[in-house]
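Colleague: I'd like to ask you about the structure that follows.
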Amino acid sequence: MSYIRNKDTLYMVVRYDLNDPSSSEVCCAITKTEEFASTLAGQYRQQMFDAGILTYDFYVQGQTYYDE
660 MSYIRNKDTL YMVVRYDLND PSSSEVCCAI TKTEEFASTL AGQYRQQMFD
710 AGILTYDFYV QGQTYYDE
């Protein structure tokens, strides 16, 4: 039996540097749905590509939190 209340998952769009794996990752957006986070990651990736910046990529990371 679980006593977890208010359990929820948020999805973060995270940017990372392809050329420097030791660099810090940056959270660019937080959404309530994975689909919207994936859409944003694709839009951010396209904006970087259009600007000629090819060193960054984006991924979606889910974070579950809850109140006890």
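Read in order, the letters of the sequence shown correspond to residues 660 to 727 in the working numbering. Glycine included, every Cβ here is placed at the ideal spot set by N, Cα and C.
Along the chain, where does the beta strand (DSSP E) that runs through Thr698 open and close?
Modeller: Segment Glu693 to Asp709 is the alpha helix (DSSP H) holding Thr698; no beta strand (DSSP E) there.
Colleague: Name the two residues that bound the continuous beta strand (DSSP E) containing Thr668.
Modeller: Residues Arg664 to Asp676.
Colleague: What is the rounded straight-line gap between the Cα of Tyr715 and the Cα of Ser697?
Modeller: Going by the C-alpha atoms only, they are around 16 Å apart.
Colleague: Taking the CB atoms as reference points, tell me whether Gln720 and Val685 lie closer together than 8 Å.
Modeller: It is not a contact, given that the beta carbons lie outside the stated cut-off.
Colleague: Kindly indicate the opening and closing residues of the beta strand (DSSP E) around Asp726.
Modeller: From DSSP, the beta strand (DSSP E) with Asp726 extends over Tyr715 to Asp726.
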